[in-house]
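*Asks:* Here you go, one structure.
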Amino acid sequence: MAQTNTGGQGTNGVADESPNMIVYRKMEEVIARMQEEKNGIPIRTVKSFLTKIPSVFSGSDIVQWMTKNLDIEDPVEALHLGTLMAAHGYFFPISDHVLTLKDDGTFYRFQTPYFWPSNCWEPENTDYAVYLCKRTMQNKARLELADYEAESLARLQRAFARKWEFIFMQAEAQAKVDKKRDKIERKILDSQERAFWDVHRPVSVYGLQNDIRTHSPTHTPAPEAKQPTEEELQEQITFWQLQLDRHRLKMSKVAESLIGYTEQYLEYDPCLTPPDPSNPWISDDTTLWELEASKEPGQQRVKRWAFGIDEVLKDPVGREQFLKFLESEFSSENLRFWLAVQEVKKRPIREVPTRVQEIWQEFLAPGAPSAINVDSKSYDKTTQNVKDPGRYAFEDAQEHIYKLMKSDSYSRFIRSSAYQELLQAKKKVNSTFFKLFSMLQSKTYQDFEPTAHL
Amino acid sequence: MRSPLIPEMATQEVQLNETLAHLKSESESLKSKLEEERAKLHDVELHQVAEKVEGLGQFVMKTRRTLKGHGNKVLCMDWCKDKRRIVSSSQDGKVIVWDAFTTNKEHAVTMPCTWVMACAYAPSGCAVACGGLDNKCSVYPLSLDKNENLAAKKKSVAMHTNYLSACSFTNSDMQILTSSGDGTCALWDVESGQLLQSFHGHAADVLCLDLAPSETGNTFVSGGCDKKANVWDMRSGQCIQSFETHESDINSVRYYPSGDAFASGSDDATCRLYDLRADREVAIYSKESIIFGVSSVDFSLSGRLLFGGYNDYTINVWDVLKGTRVSILFGHENRVSTLRVSPDGTAFSTGSWDHTLRIWA
Chain A
1 MAQTNTGGQG
11 TNGVADESPN
21 MIVYRKMEEV
31 IARMQEEKNG
41 IPIRTVKSFL
51 TKIPSVFSGS
61 DIVQWMTKNL
71 DIEDPVEALH
81 LGTLMAAHGY
91 FFPISDHVLT
101 LKDDGTFYRF
111 QTPYFWPSNC
121 WEPENTDYAV
131 YLCKRTMQNK
141 ARLELADYEA
151 ESLARLQRAF
161 ARKWEFIFMQ
171 AEAQAKVDKK
181 RDKIERKILD
191 SQERAFWDVH
201 RPVSVYGLQN
211 DIRTHSPTHT
221 PAPEAKQPTE
231 EELQEQITFW
241 QLQLDRHRLK
251 MSKVAESLIG
261 YTEQYLEYDP
271 CLTPPDPSNP
281 WISDDTTLWE
291 LEASKEPGQQ
301 RVKRWAFGID
311 EVLKDPVGRE
321 QFLKFLESEF
331 SSENLRFWLA
341 VQEVKKRPIR
351 EVPTRVQEIW
361 QEFLAPGAPS
371 AINVDSKSYD
381 KTTQNVKDPG
391 RYAFEDAQEH
401 IYKLMKSDSY
411 SRFIRSSAYQ
421 ELLQAKKKVN
431 STFFKLFSML
441 QSKTYQDFEP
451 TAHL
Chain B
1 MRSPLIPEMA
11 TQEVQLNETL
21 AHLKSESESL
31 KSKLEEERAK
41 LHDVELHQVA
51 EKVEGLGQFV
61 MKTRRTLKGH
71 GNKVLCMDWC
81 KDKRRIVSSS
91 QDGKVIVWDA
101 FTTNKEHAVT
111 MPCTWVMACA
121 YAPSGCAVAC
131 GGLDNKCSVY
141 PLSLDKNENL
151 AAKKKSVAMH
161 TNYLSACSFT
171 NSDMQILTSS
181 GDGTCALWDV
191 ESGQLLQSFH
201 GHAADVLCLD
211 LAPSETGNTF
221 VSGGCDKKAN
231 VWDMRSGQCI
241 QSFETHESDI
251 NSVRYYPSGD
261 AFASGSDDAT
271 CRLYDLRADR
281 EVAIYSKESI
291 IFGVSSVDFS
301 LSGRLLFGGY
311 NDYTINVWDV
321 LKGTRVSILF
331 GHENRVSTLR
341 VSPDGTAFST
351 GSWDHTLRIW
361 A
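Quick look at the structure:
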């Protein structure tokens with residue numbers, strides 16, 4: 001049968017393996033543990049009517065083993081993982097073509113490693129035809145073809161009409177070999193072969209099974225890594241040296257910072273603190289979004305501006321209020337410069353040179369109407385940059401101004417009465433009133449019955 | 001190696017090989033020295049310090065909307081800044097813009113290629129970008145006129161020499177950042193299609209990228225098939241930090257909301273947190289029972305929760321500080337290929353190979 005080496009298995013072993021192969025190996029590790037004599041799943045022969053069912057275990061056995069040995073708390077999770085392993089064909093229900101795991105007394109059997117997906121099987125239709133043909137030759141009730149298999153056989157007979165004799169011969173030869181096997185061994189091998197085909201030619205009800213083995217075109221096997229050149233090695237060395245010179249923080253400090261951040265924003269995280277009045281996705285009510293879009297910032301939103309200058313700068317209402325405050329002090333040129341530089345970086349490259357000149361004239365040129373104060377080093381650099389203006393012409397100046405705003409204007413803004421008023425006095429507009437108001441304005445009147453409210 | 005015909009050439013070749021070997025060993029010893037230095041500051045584990053933090057209560061998140069309409073695997077999605085619209089792209093070349101709140105489809109475009117692996121919403125909400133096996137990133141302005149053929153106004157912006165794996169607008173409709181199977185990332189001017197900056201350093205396909213959430217910053221992080229996560233300076237094109245601890249391809253990278261750290265998801269079935277100030281990996285999110293790869297990760301608004309979409313059809317929700325799994329969400333019937341939290345954090349969306357998108361809250 002056709003086996004291909006599509007997995008990109010290099011001689012390096014694990015390093016070259018495709019993503020599918022990595023998962024196969026992990027599943028196989030689990031299977032190996034399941035098959036351990038001491039701590040594995042108890043495999044037994046079950047006596048039923050006049051026959052023996054060899055080498056089986058129940059679905060519940062699998063679920064129990066997984067819950068105990070794979071650190072799983074919820075049997076639903078064990079069931080889900082188990083179903084995926086069954087879908088890959090690592091174990092299969094002996095009386096069903098559908099490869100799922102059931103948490104009950106249903107009997108399962110392990111697949112033989114020969115048929116494992118990690119062997120990169122890509123069986124052809126001719127192989128399937130030989131298999132189905134062989135099944136019809138064996139006079140066993142348990143080997144009778146299911147409806148969909150009979151249909152497949154009929155289709156294949158039409159498709160391979162010319163070489164059917166050859167297929168028939170192969171089937172005969174295989175049947176002959178099978179006949180020689182021990183009865184119990186045959187039972188097991190027959191079921192394993194059937195399970196193999198359940199993976200590669202699934203009954204269409206479970207059509208998605210095929211996709212398990214698909215991988216996206218992004219995961220093509222990596223080409224042989226070229227030996228680095230002298231230049232590349234020099235670059236690497238420079239890079240490592242730069243990295244070594246970097247200033248690093250201790251883990252304890254970093255941990256405190258991460259914890260501090262999440263605690264500060266906990267009340268703003270809708271996943272952890274239900275938003276007020278409600279989460280639109282849960283309540284189907286968009287009031288939250290309408291409130292946020294309004295020009296009246298709520299108390300919680302205003303409080304956030306005090307967390308740091310970035311919060312004010314990224315909230316359009318915050319920027320507006322900050323600008324208003326600075327204008328009242330006749331000291332808005334810094335913020336206006338900063339905003340203008342942000343703006344120029346967002347423009348198409350074609351517009352940049354003109355905008356840079358405009359900003360230079362307004363804020364930095366001798367006699368500029370909104371003169372800003374930058375240190376002489378940044379000023380000199382900027383003067384040079386403006387001669388050949390790119391998007392980052394004002395980078396140094398902008399950084400200087402940002403630091404200035406952060407330490408000076410921003411702290412004054414937060415301490416200002418204008419900000420404090422916004423923070424304290426402005427209670428949020430009563431939400432029911434707002435709801436009614438917005439309903440009156442909304443486009444659809446389906447939910448609004450005027451008579452009920454009057 | 002062919003034997004040199006001329007003795008001087010032989011000596012030169014030997015000298016070159018000696019130089020290369022010498023440089024290689026120098027590079028490697030510097031790399032190990034860096035690991036040593038990084039390890040020196042590792043005085044405590046994040047989850048140890050986080051023991052004092054209150055535990056998260058019972059966690060309930062459910063599918064609140066299911067978006068059906070794609071005829072094939074959904075590969076990518078992105079939120080509009082208006083917190084309710086999304087754009088999604090699929091294997092059959094279809095790109096759809098939805099109002100996820102009402103589940104209505106508002107626009108649809110058919111790309112001339114299959115496997116549209118990347119799509120992004122413009123900050124203004126007036127355009128979308130997408131690309132995939134066509135090696136390009138194209139921008140489509142969204143027309144208010146429902147009858148207008150969007151494909152007619154298509155603008156080709158980025159050109160790579162291999163598939164487009166991810167794209168993102170910067171804080172403007174005028175620039176797009178792309179990553180590609182050709183091993184590079186690039187910044188483009190949308191209007192002219194001009195390449196503004198390219199980023200070289202990955203040794204294999206780059207699969208994902210994310211822009212730093214700063215008002216002043218000019219950095220982004222990328223992850224690739226070389227198992228590396230690189231942080232880049234957009235202005236100079238230089239790689240400023242690099243992390244290599246994953247055991248397989250990195251499918252997704254996402255910044256922690258403060259911008260001081262980022263998370264990654266990989267085919268090695270783990271998510272990891274890297275802090276830029278500590279300059280190292282500071283947490284691993286994994287479980288013995290999780291053996292399928294992570295396709296996509298994103299943080300909740302406060303950074304306390306990390307959502308991971310996995311190839312085993314599930315979503316695992318992690319407590320970022322304590323390192324434990326808070327919840328496992330079932331629902332999709334095939335791989336979860338993409339996951340993004342909405343701009344205001346009220347929900348997150350997932351796209352799957354089962355042809356659907358789901359909104360969870």
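Read top to bottom, the protein sequences are chains A and B. Position 196 of the first sequence, counted from 1, bears residue number 196 in UniProt numbering, the numbering being contiguous throughout. Position 313 of the second sequence, counted from 1, bears residue number 313 in UniProt numbering, the numbering being contiguous throughout. Where a beta carbon is used, it is the ideal one built from N, C-alpha and C, also for glycine.
1) Suppose the cutoff is 8 Å on Cβ atoms and the five residues either side in sequence are ignored; what does the same chain contact list for T273 of chain A look like?
2) Between the segment 341-352 of chain A and chain B, which residues of the former have a C-beta closer than 8 Å to a C-beta of the latter?
3) Can you check which of these residues, B:T66, B:N334, B:A120, is closest to S101 of chain B by C-alpha distance?
4) Between the beta-carbon of G351 of chain B and the beta-carbon of L75 of chain B, is there less than 9 Å?
5) In chain B, what lies closer than 8 Å to D71 of chain A by C-beta?
6) According to DSSP, V139 of chain B sits in a beta bridge with which residue or residues?
7) Answer yes or no: do G303 of chain B and S258 of chain B have a C-beta to C-beta separation smaller than 9 Å?
8) Report buried or exposed for M27 of chain A, applying the criterion of at least 16 other Cβ atoms within 10 angstroms of its Cβ.
9) Under 8 Å, with one C-beta from each stretch per pair, do the segment 125-135 of chain A and the segment 79-87 of chain A reach the 3-pair mark?
10) Please look up how many angstroms separate the CB atoms of H355 of chain B and K73 of chain B, rounded, as I've assumed it's under 8 Å.
11) Tell me, please, whether the CB atom of P292 of chain A is closer than 9 Å to any CB atom in chain B?
12) How many Å lie between T338 of chain B and S296 of chain B at the Cα?
13) Grouping DSSP H, G and I as helix and E and B as strand, with all else coil, what is S89 of chain B?
14) Would you mind telling me which residues of chain A sit closer than 7 Å to F330 of chain B, beta carbon to beta carbon, in chain order?
15) Does the CB of N104 of chain B have a neighbour CB from chain A at under 9 Å?
16) Taking Q357 of chain A as the reference, which of A:N373, A:A340, A:K346 has the closest Cα?
17) Do the segment 331-345 of chain B and the segment 88-97 of chain A meet, that is, are 3 or more Cβ pairs less than 8 Å apart?
18) Going along the segment 214-230 of chain B in order, which residues come within less than 9 Å of chain A, judged by CB to CB distance?
19) Kindly list the residues whose CB is nearer than 7 Å to the CB of A146 of chain A, restricted to its own chain and excluding five residues on each side of it in sequence; keep chain order.
20) Span of the beta strand (DSSP E) holding M66 of chain A?
21) Where does T444 of chain A sit, in a helix, a strand or coil, going by DSSP?
22) Taking G345 of chain B as the query, report the chain A residues whose CB atoms sit under 7 Å from its CB, ordered along the chain.
23) Just the Cα atoms here: how many angstroms apart are L34 of chain B and K40 of chain B?
24) From residue 377 of chain B to K346 of chain A, what does the alpha carbon distance come to, in whole angstroms?
25) Just confirm the distance between the C-beta atoms of I401 of chain A and W338 of chain A, as a whole number of angstroms; I'd bet it's less than 8 Å.
26) Under a CB-based cut-off of 9 Å, is K314 of chain A close to chain B?
27) Which chain B residues sit within Cβ distance under 7 Å of K289 of chain A?
28) Only counting the same chain, and skipping five residues up and downstream in sequence, which positions put a Cβ closer than 6 Å to that of A306 of chain A?
29) Of the residues that make up the UniProt repeat "WD" (157-198) of chain B, which ones have a beta carbon closer than 9 Å to any beta carbon in chain A?
30) If you draw a straight line from the alpha carbon of S257 of chain A to that of D99 of chain B, how long is it in whole angstroms?
31) DSSP state of L195 of chain B, grouped into three classes?
32) Give me the Cβ distance between N279 of chain A and T346 of chain B, rounded to the nearest whole Å; I'm assuming they're in contact under 8 Å.
33) Out of B:E148, B:P141, B:L164, which has the shortest C-alpha to C-alpha gap to G131 of chain B?
*Replies:* With the structure as the only source:
1) L266, E267
2) Q342, K345, K346, R347, P348, I349, R350
3) Note that residue 101 of chain B is Phe in the sequence shown here, rather than Ser. When only C-alpha atoms are compared, the closest one is B:T66.
4) yes
5) Simply K287, E288, S289.
6) For V139 of chain B, which the question treats as bridged, DSSP gives the partners B:A129, B:K155.
7) yes
8) buried
9) Proximity of the segment 125-135 of chain A to the segment 79-87 of chain A falls short of the contact definition, fewer than three beta-carbon pairs being nearer than 8 Å.
10) 7 Å
11) It is Glu, not Pro, that sits at residue 292 of chain A in the sequence shown. Yes, E292 of chain A counts as interfacial toward chain B.
12) 5 Å
13) Strand, per DSSP.
14) H80
15) no
16) A:A340
17) no
18) So the close ones are S214, E215, T216, N218, C225, D226.
19) H97
20) In the DSSP assignment, M66 of chain A falls outside any beta strand (DSSP E) and within the unbroken alpha helix (DSSP H) covering 59-69.
21) Reliability fails at T444 of chain A, whose pLDDT of 46 lies under 50, so the model's placement of it is uncertain and no value is given.
22) Residues of chain A with a Cβ closer than 7 Å to the Cβ of G345 of chain B are, in chain order, D269, P270, C271.
23) L34 of chain B and K40 of chain B: Cα-Cα distance of roughly 10 Å.
24) With chain B represented from 1 up to 361, any question about residue 377 of chain B goes unanswered, as that position is not in the structure.
25) 5 Å
26) yes
27) Here the sequence assigns Trp to residue 289 of chain A, which means Lys is not the residue at that position. Result: K83.
28) Contacts found: I414.
29) Answer set for the UniProt repeat "WD" (157-198) of chain B: Y163, S165, T170, N171, S172, D173, M174, Q175, G181, D189, V190, E191, S192, Q194, L196.
30) 37 Å
31) In the structure shown, L195 of chain B falls within a strand segment according to DSSP collapsed to helix, strand and coil.
32) 5 Å
33) B:L164
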